[in-house]
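Working notes, structure below.
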Amino acid sequence: MEPDAMPLYTKKKRTKRHTINKREAPYVIYPEILVIVDYDGYRLHGGDNVQIKRYFVSFWNGVDLRYKLLKGPKIRITIAGIIISRGRDATPYLERNRVGRDAIDSAAALTDMGKYLFRERRLPVYDIAVAVTKYDMCRRRKGGRCTKGTAGFAYVGGACVVNKRLEKVNSVAIIEDTGGFSGIIVAAHEVGHLLGAVHDGSPPPTYLGGPGAEKCRWEDGFIMSDLRHTEKGFKWSPCSVSSFHHFLNGDTATCLFNSPHEDESLPRVLPGKLLSLDAQCRKDRGTSACFVSKTSGDRMKELRWELSLFVHL
0 MEPDAMPLYT
10 KKKRTKRHTI
20 NKREAPYVIY
30 PEILVIVDYD
40 GYRLHGGDNV
50 QIKRYFVSFW
60 NGVDLRYKLL
70 KGPKIRITIA
80 GIIISRGRDA
90 TPYLERNRVG
100 RDAIDSAAAL
110 TDMGKYLFRE
120 RRLPVYDIAV
130 AVTKYDMCRR
140 RKGGRCTKGT
150 AGFAYVGGAC
160 VVNKRLEKVN
170 SVAIIEDTGG
180 FSGIIVAAHE
190 VGHLLGAVHD
200 GSPPPTYLGG
210 PGAEKCRWED
220 GFIMSDLRHT
230 EKGFKWSPCS
240 VSSFHHFLNG
250 DTATCLFNSP
260 HEDESLPRVL
270 PGKLLSLDAQ
280 CRKDRGTSAC
290 FVSKTSGDRM
300 KELRWELSLF
310 VHL
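Each residue of the sequence shown is one higher than the last, beginning at 0 in numbering that gives the first Met the number 0.
Laid out in structure tokens, this is it:
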């Protein structure tokens with residue numbers, strides 16, 4: 000990376016499994032995520048490398064919980080490394096695509112990120128690279144206006160894809176996170192895109208094929224929607240499950256079939272153990288989480304958490 004970007008982990012050793020049919024995914028796959036924390040994220044966590052490591056280990060354990068719901072094949076998220084940006088020039092693909100003071104053109108930034116990582120050789124071995132930013136992401140419309148409301152961006156079926164003609168990698172995503180774990184479902188959603196899932200209600204892309212998600216309604220509010228108003232917002236639709244199965248048994252997903260080197264120093268810390276609900280809410284929106292006893296007199300309690308967990312693309 001750039002001189003001001005500091006890799007927290009060193010290169011991981013990968014061990015190959017026994018011979019695997021090209022068209023058959025193993026029982027468990029381990030997408031290795033290279034986490035890139037931008038300069039604002041570095042400042043958000045007080046410039047403390049240990050705190051940043053703890054936060055993002057917990058963060059990706061939260062993402063992993065969503066993928067633990069899948070059975071065939073099982074998907075277990077692992078961390079290939081964490082790169083901490085100690086200056087804005089460490090993430091030039093974000094900086095050169097800034098719109099105003101606090102926004103970035105998400106599509107242009109993702110393209111530039113893929114080209115940057117194609118050229119960069121000083122990185123740990125990884126399957127998917129995810130840049131985490133505090134910038135407000137926007138989508139450039141015809142006429143030049145950049146519309147905010149996008150919380151993440153990734154290529155559908157991009158995992159393992161290297162486009163040598165365009166000199167860029169497609170296994171990249173950019174997500175927003177404000178330090179209160181607000182980006183966990185966004186990260187699950189964008190990694191879902193990279194693993195072949197489209198938005199619920201959408202057809203498959205022509206270059207990828209597969210079942211698509213037209214049989215699953217956008218309004219049902221599963222992870223691959225942005226209308227997550229119920230507990231379904233933490234689950235995958237049947238269409239997403241079918242799309243994962245199609246992609247992972249295709250020709251391009253074999254980079255995910257490696258067993259990662261287990262790092263004993265990465266504890267399984269979940270978000271709720273690192274920050275209380277109130278702390279998470281304050282970090283994300285400056286609001287509080289509170290429990291309100293139901294009027295029926297029973298001891299059940301209702302969680303009212305004033306967080307926006309919606310994602311667009």
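Glycine is no exception: its CB is placed at the ideal position from the N, C-alpha and C atoms.
Buried or exposed by the 16-neighbour rule on C-beta atoms within 10 Å, applied to residue i
i, result
"H228", "exposed"
"T205", "exposed"
"E23", "exposed"
"P315", "The first residue shown for the chain is 0 and the last is 312, placing residue 315 beyond what the model contains."
"E189", "buried"
"P202", "exposed"
"L116", "buried"
"R37", "The question names Arg, but residue 37 is Asp in the sequence shown. It counts as buried."
"G86", "exposed"
"G179", "buried"
"E213", "exposed"
"V197", "buried"
"L165", "exposed"
"E175", "buried"
"G143", "exposed"
Nearest-angstrom beta carbon gap, residue j and residue i [assumed within contact, 8 angstroms]
i, j, result
"I32", "I76", "6 angstroms"
"V171", "A106", "Not confirmed; about 12 angstroms, so no contact."
"I81", "V34", "5 angstroms"
"G113", "N169", "6 angstroms"
"G71", "K133", "Contact doesn't hold; Cβ gap of about 37 angstroms is too wide."
"P123", "A79", "5 angstroms"
"V131", "G195", "At roughly 22 angstroms, the Cβ-Cβ gap does not stay under 8 angstroms, so V131 and G195 are not in contact."
Contacting residues, own chain, Cβ-Cβ under 8 angstroms from residue i (five flanking each side not counted)
i, result
"A187", "V62, R65, Y66, I222"
"K147", "A102, D135, M136, C137"
"I51", "L7, V36, G40, Y41, H44, I81, I83"
"T251", "G156, A158, C159, V160"
"G211", "V197, S201, P202, P203, C238, S242"
"D199", "A212, C215, R216, W217, D219, F221, M223, S224, S236, C238, S239"
"E230", "none"
Close beta carbons around residue i, own chain, < 6 angstroms, minus the five adjacent residues each side
i, result
"L265", "Reliability of the predicted coordinates at L265 is poor, the pLDDT of 47 falling under 50, and no value is obtained from them."
"H192", "A153, V155"
"G232", "G220"
"E119", "none"
"K167", "G113, K114, F117"
"G209", "P203, S242, H245"
"Y125", "E31, L33, A79"
"R111", "Note on residue identity: the sequence assigns Asp, not Arg, to residue 111. Excluding positions up to five away in sequence, the list reads Y92."
"P259", "Y29, E31, T77"
Residue i beta carbon near the ligand FAD (any heavy atom closer than 7 angstroms)
i, result
"E166", "Looking at this structure, you won't find the ligand FAD or any other ligand, since it has none at all."
Cβ-based neighbour list, residue i, same chain, cut-off 7 angstroms, excluding 5 preceding and 5 following
i, result
"K234", "L68, F221, I222"
"A322", "In the structure as shown, the chain starts at 0 and stops at 312, and residue 322 therefore has no counterpart that could be examined."
"D104", "N96, V98, C137, R139, C145"
"I28", "P72, I74, L247, L255, F256"
"N162", "N169"
"Y318", "As displayed, the chain neither begins before 0 nor continues past 312, which places residue 318 out of reach and without an answer."
Chain D contact for residue i (CB, 8 angstroms cutoff)
i, result
"V36", "In the displayed structure, chain D is absent; only one protein chain is listed."
Handout entry: Residue ranges of each alpha helix (DSSP H) within the region 178 to 206, 4 or longer
Key = 183 to 193
Practice task
Check whether the region 87 to 95 touches the region 201 to 217, counting contact only when three or more Cβ pairs, one atom from each stretch, lie closer than 8 angstroms.
Solution key: no
Practice task
Enumerate, from N- to C-terminal direction, the unbroken beta strand (DSSP E) stretches of 3 or more residues contained entirely within the region 99 to 151.
Solution key: 102 to 104, 127 to 132, 135 to 139, 145 to 149
Handout entry: Ranges of the beta strand (DSSP E) found wholly within the region 11 to 95, counting only runs of at least 3
Key = 31 to 36, 77 to 84
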